[in-house]
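What follows is a short report on a single structure.
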């Protein structure tokens, strides 16, 4: 187990930039998720940490040890691959024992660890089978067993759940998380699934275009996204965005658009003053728009455009003069198309972004 | 019902058309010479191995067969030794000019081998491997190597890179990971490729006939002597050449489509 | 360290490059040198070939054999591929049967057809047994060139149709079944399905089959040399003859070069006229 430090890492494939100066420090025993759309560089970053890709520049350290130029085999790592990569020509037990044998563990140690790990992952009965005889979920367990049995400095996982069916994915999500809490191995986990990221990661690094945009706890990224991209990428349905004009006068600030006017609170006023903008993008999550008035809410008139009834919750698309808002209400609610109604924006839970840079303002 | 009968008749015709000649030459090779030259005797009354025996013993067929086998095996070794690393690079590395390299190899595949025969005779004289098994093997590699590179890269490409990478992460060097993880998985495919390569070399006649004058492979030997031998020797020779190739192809029938399909593109 | 991987890749490719240089590039250059070297001037070898009278016959034979054999192979190969692709019970067995000639050399294929068409071969014996003829028919020898020619055509078709068949069948198997199902839904006749859907999709496979077969038809040698010797001269046969019988490497090389040039021209023509794009996708 160790601390993993990534310092100014850049990676080019020929002329194509895959990583554009990545810095991150992963605490000992932490579960960090790299999250982002495909092509954002998350897998490349993981592979640079593993040593399967060499970095173009920058440095990678495990604790104090500089591993930047070490081949993967000398980094004391374990990895769970997207396809599991459970070697098809070896039985399950050979798959689990072989890496230990390469690392010259004693015979007793190998047997003992293999047995314990198999029990931990519930694969004891599968030990004499070949991978071809296993289901996807079982193969996944074997891959995890093979990885954790080594008690590596860091455990790397590359979209390990993406090949499982939806139901199994949910189960494995919690199992993997619990397992990691138990063995306390520093873990770097790549995924493009925000739910996986939110539920599993101690901290999440959101990536785009080879850069880490925000690195923090799940609730922090959800509540205080640093820019429009993150705000839109995390959360489903997507956050509502609305461009508004800023009217400022003597310590007050008002945001205006057609049919809607919001008086800003103090902290936002400061931010707006600092940014000195005429226009801002207002972001508000669907669950922060209500159908009945509450304290600190701003009303806007609209009509129902479309309803998605999901049983446990209902998504209502409401057309207003300035924008079509997506509203999430809990429970099953029935609306008629074109029914007029008032929706209430919870101003406290809005976020403002600079329309030019798309960065958050206060 | 009509359709079934039609299909059956077509199948019968196909079997006759493609198996007939093979069967006929086999019978001809085993027919006693007196009966062969008797125009009234369509079906032989008895079969004999004397023609095969004299082909091998009197007409030096044994030596030619041995040379053919040596040549084919050596060609396979040479082609794999040179081609396997290239195939590995094609599937595992990204580099500039990769497509150009692949195209060159593909074009080499349809390159007329006839052209290289004559210059190689003088080259071999100069470097002292004229009239040798090695010389013909090296020349045969010019048609086997491109095939080995293309088919091997397709076989390796079919084996997930992640197996090999898992090996590297779990403590192996790239080379050992290839040996221990990828190679065992690729072996059945490579074996089929080797058999196909064997057949290519075993059947090749032009280069062998031009390069070697005394140490000739079986087809080259037959090409040279068959013309002046009695008919039944020709049939014996044709049979001897056909059978091993057919047996080998039978064992690799699972790979028929991938081998021939790929080798021809 | 950064370019480490590139260096390894280059090292692994080096043997192949070395081989290609020594065994493809050098012979090619040397063939040119040999073909153009003659005390009487660089083009003397070609002048000798072209004015020999044999040459035009040789070229014509090669072209005619190619022109007859290749289309026949294509039609038969396509028919067989469509037939086997019906996937009737036991189609795999038929597939393997059709593949038999793939394993055979041109020399043994020629000898097989000799066992049938020889003067005391099976055909003559059969026809006599049925009483259709009284004296054996002769197919070989200088006087019977025309008959030998057709025996050669039949042998070449028999021998190489499976090659076309396999390429086309591989192509057919790649045709998405849903295209055909869609055609059924829209009420295409079988004939329309063949012309409007199957053949256009098969075009790259047809092109590779045509290309490869034409190239090899120009190098046809074994079958002809066994069945007709120099009675029916072809380009490759002449190259062989001048090298091994006359020991004139210069003339032989000139013939080799002619084959190479014609091969390149044909490949180029095919690729240019038959939609280069789909072929490149196929090839690369």
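Residue numbers (my numbering), protein chains in the order written: chain W, 1 to 362; chain A, 1001 to 1265; chain R, 2001 to 2284.
Here a beta-carbon is modelled for each residue, glycine too, at the ideal position from N, C-alpha and C.
- Query: Between the stretch 1012-1024 of chain A and the stretch 1202-1215 of chain A, do at least 3 Cβ pairs fall closer than 8 Å?
  - Reply: They do not touch, by the three-pair rule.
- Which same chain residues, not among the five before or five after residue 355 of chain W, have their C-beta less than 8 Å away from its C-beta? Only residues of its own chain outside the window of five on either side were considered, and among them 243, 277, 279, 280 and 281 have a CB closer than 8 Å to the CB of residue 355 of chain W, listed in chain order.
- Bridge partners of residue 12 of chain W, per DSSP? Answer by DSSP bridge pairing, in chain order: W/17.
- Message: Per DSSP, what are the beta-bridge partners of residue 2234 of chain R in this structure?
- Response: DSSP lists no partner for residue 2234 of chain R.
- Quick one: is residue 66 of chain W buried, meaning 16 or more other Cβ sit within 10 Å of its Cβ, or exposed? Classification of residue 66 of chain W: exposed, given that the 10 Å Cβ count is below 16.
- Message: I'd like the ranges of any alpha helix (DSSP H) spanning at least 4 consecutive residues and lying wholly in the stretch 41-99 of chain W.
- Response: Runs of the alpha helix (DSSP H) inside the stretch 41-99 of chain W: 42-50.
- Query: Which runs of the alpha helix (DSSP H) fall wholly inside the stretch 130-170 of chain W and span at least 4 residues, in chain order?
  - Reply: Segments of the alpha helix (DSSP H) lying fully in the stretch 130-170 of chain W: 136-148.
- Query: Which residues in the same chain as residue 1064 of chain A place their Cβ atom closer than 8 Å to its Cβ, once the five residues preceding and following it in sequence are excluded?
  - Reply: Sequence-distant Cβ neighbours of residue 1064 of chain A in its own chain, meaning closer than 8 Å and more than five residues away, are 1216, 1217, 1218, 1220, 1221 and 1222.
- Message: Just to check my reading of the structure: residue 2136 of chain R and residue 2161 of chain R have Cβ atoms closer than 8 Å, yes? What is that Cβ distance to the nearest angstrom?
- Response: That pair is no contact at about 28 Å.
- Mark residue 2268 of chain R as exposed unless 16 or more other C-beta atoms lie within 10 angstroms of its C-beta, in which case mark it buried. Residue 2268 of chain R comes out exposed.
- Item | Cβ neighbour criterion (16 or more within 10 Å) applied to residue 1228 of chain A | It counts as exposed.
- Between the stretch 2189-2208 of chain R and chain A, which residues of the former have a C-beta closer than 8 Å to a C-beta of the latter? For the stretch 2189-2208 of chain R, residues whose beta-carbon sits nearer than 8 Å to a beta-carbon of chain A comprise 2208.
- CB contact flag (residue 2031 of chain R, residue 2253 of chain R, <8 Å): Yes, they are a contact pair.
- Message: Just verifying my parser: in three-state terms, what is the DSSP assignment at residue 216 of chain W?
- Response: It is a strand residue.
- Task: Closer than 8 Å by C-beta to residue 2042 of chain R: which residues in its own chain qualify, once you throw out the five before and the five after it? Chain order, please.
- Result: Only 2036 meet the Cβ criterion.
- Query: Which residues, taken in chain order from the stretch 1172-1187 of chain A, show a beta carbon closer than 7 Å to some beta carbon of chain W?
  - Reply: Residues 1172, 1173, 1181, 1184 and 1185.
- Message: Buried or exposed for residue 1085 of chain A, going by 16 or more other Cβ atoms inside 10 Å?
- Response: Buried, because 16 or more other Cβ atoms sit within 10 Å of the Cβ of residue 1085 of chain A.
- Message: So that I know if they touch, is there some Cβ in chain A lying closer than 8 Å to that of residue 2241 of chain R?
- Response: Under the Cβ distance rule, residue 2241 of chain R does not count among the residues neighbouring chain A, no pair being separated by less than 8 Å.
- Going along chain R in order, which residues have a C-beta closer than 7 Å to the C-beta of residue 1083 of chain A? The answer, in chain order, is 2016.
- Task: Compare the C-beta of residue 2131 of chain R against all C-beta atoms of chain B and say whether one is closer than 8 Å.
- Result: Of the protein chains in the structure, W, A and R, none is chain B.
- Distance, residue 2076 of chain R Cα to residue 2099 of chain R Cα: A direct Cα-Cα distance of roughly 14 Å separates residue 2099 of chain R from residue 2076 of chain R.
- Return the residue from the list W/53, W/152 and W/91 that minimises the CA-CA distance to residue 11 of chain W. Measuring from the Cα of residue 11 of chain W, the nearest candidate turns out to be W/53.
- For a contact meaning CB atoms closer than 8 Å, what does residue 78 of chain W contact in chain A? Taking a Cβ-Cβ threshold of 8 Å, the residues of chain A close to residue 78 of chain W are 1169 and 1170, in chain order.
- Three-state secondary structure (DSSP) of residue 125 of chain W: Judged by DSSP in its simplified three-state form, residue 125 of chain W adopts helix.
- Which listed residue (W/28, W/24 and W/35) has its alpha carbon closest to that of residue 58 of chain W: Closest option to residue 58 of chain W, Cα to Cα, is W/24.
- Amino acids of chain R, ordered along the chain, whose beta-carbon sits closer than 8 Å to that of residue 1255 of chain A: Simply none; closest approach about 11 Å.
- Which stretch, first to last residue, makes up the alpha helix (DSSP H) that contains residue 195 of chain W? First-last of the alpha helix (DSSP H) with residue 195 of chain W: 194-200.
- chain R partners of residue 1015 of chain A, CB-CB under 7 Å? Against residue 1015 of chain A, the close residues of chain R are 2097, in the order they occur along the chain (beta-carbon pairs closer than 7 Å).
- Task: Under 6 Å Cβ to Cβ from residue 141 of chain W, same chain only, skipping five residues before and after it: list those, please.
- Result: Around residue 141 of chain W, the same chain offers 121 and 123 as residues with beta carbons nearer than 6 Å, after the five sequence neighbours per side are excluded.
- Message: I'd like to know if the stretch 1189-1200 of chain A and the stretch 1127-1136 of chain A are in contact, where contact means that at least 3 CB-CB pairs between them fall below 8 Å.
- Response: With the cut-off at 8 Å, the stretch 1189-1200 of chain A and the stretch 1127-1136 of chain A do not touch.
- Task: Give the secondary structure of residue 1159 of chain A by DSSP, where H, G and I count as helix, E and B as strand, and everything else as coil.
- Result: Of the three classes helix, strand and coil, the one that applies to residue 1159 of chain A here is coil, per DSSP.
- Message: According to DSSP, simplified to helix, strand and coil, what is residue 1038 of chain A?
- Response: Correct three-state label for residue 1038 of chain A: coil.
- Check the Cβ of residue 2158 of chain R against every Cβ in chain A and list those closer than 9 Å, keeping chain order. Those within 9 Å of residue 2158 of chain R in chain A are 1017, 1018 and 1021.
- Query: What separation, rounded to the nearest whole angstrom, lies between the Cα atoms of residue 43 of chain W and residue 190 of chain W?
  - Reply: Residue 43 of chain W and residue 190 of chain W have their C-alpha atoms roughly 7 Å apart.
- Item | Min CB distance residue 13 of chain W to chain A below 8 Å | Residue-level contact by beta carbon holds for residue 13 of chain W and chain A, with a gap shorter than 8 Å.
- Query: Between residue 2106 of chain R and residue 2159 of chain R, which are expected to be in contact by the criterion C-beta below 8 Å, what is the C-beta distance as a whole number of angstroms?
  - Reply: The Cβ separation is near 7 Å, so the contact holds.
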